[in-house]
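Residue numbers (the numbering used here): -11 to 133. Even for Gly, the Cβ is constructed at its ideal location relative to N, Cα and C. Quick notes on the structure that follows.
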Amino acid sequence: MLKPYLSHMHAAIEAASAGKTPFGAAIAMGDELFVTAANNTTSLHDPTAHAEVMAIRKMGSQIQKTDLSGFTLYTTCEPCPMCASAVVWSGIGTVYYGCTIPQISTRMDQITLRSDELNRYSFRNVDWIGGVLVQDCLKLLNRYS
-11 MLKPYLSHMH AAIEAASAGK TPFGAAIAMG DELFVTAANN TTSLHDPTAH
39 AEVMAIRKMG SQIQKTDLSG FTLYTTCEPC PMCASAVVWS GIGTVYYGCT
89 IPQISTRMDQ ITLRSDELNR YSFRNVDWIG GVLVQDCLKL LNRYS
């Protein structure tokens, strides 16, 4: 089984906390952290400005490519179907997350399609690995939801 770099998940948690949101993301390759982002839906008046999408946009802009193969996404909460689809389209092969969609759903509205379920309908298989620093991520979820 793949092992996450916990420092990258801590970076996602810090991005979320700084943005006063439960949703933070980081993109890395191996031990090198490249970008972090937080959910900005309210400040940008953009319902698609989820942390994962914002991180993918920043990473693509930074490297001037849409193919993020070889990169790993760390996110405080399991990606919603929109974000999970963005991961698939970007080519990111592994996603580590803290809280699960069922955990999020007890605190706020969610589309309850799980990330691993999306793989069944996808042209690309992504490794979705949950439970990373889940207690820290749940604290964010409880604080900001």
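Would you list the residues sitting across from residue i in a DSSP beta bridge?
i    : result
C87  : C65
G12  : A26
I117 : Y84
T60  : A16, T82
Cα-Cα, which of the options is closest to residue i?
i    : options               : result
P69  : E40, Q52, T94         : E40
C125 : K(-9), R112, E2       : E2
P90  : M47, G48, S31, P67    : P67
Q123 : A74, I92, N107        : I92
D97  : S133, T54, M47        : S133
A4   : E20, D19, L(-10), M42 : M42
Does the distance from the C-beta atom of residue i to that of residue j stay below 8 angstroms?
i    : j      : result
L101 : S78    : no
A16  : F22    : yes
G137 : N27    : With the chain running from -11 to 133 in the structure shown, residue 137 is simply not present.
I44  : Y84    : no
F11  : T64    : yes
L32  : S73    : no
C71  : H38    : yes
T60  : T30    : no
A0   : T36    : no
D104 : L(-10) : no
Am I right that residue i and residue j are in contact with their C-beta atoms under 8 angstroms? What's the rounded C-beta distance?
i    : j     : result
L121 : L(-6) : 7 angstroms
Just verifying my parser: in three-state terms, what is the DSSP assignment at residue i?
i     : result
L21   : strand
I99   : coil
K127  : helix
R45   : helix
A(-1) : helix
A39   : helix
If you measure from the beta carbon of residue i to each beta carbon in chain D, is any gap under 8 angstroms?
i   : result
L56 : Considering every chain present, this structure includes no chain D. It has just one protein chain.
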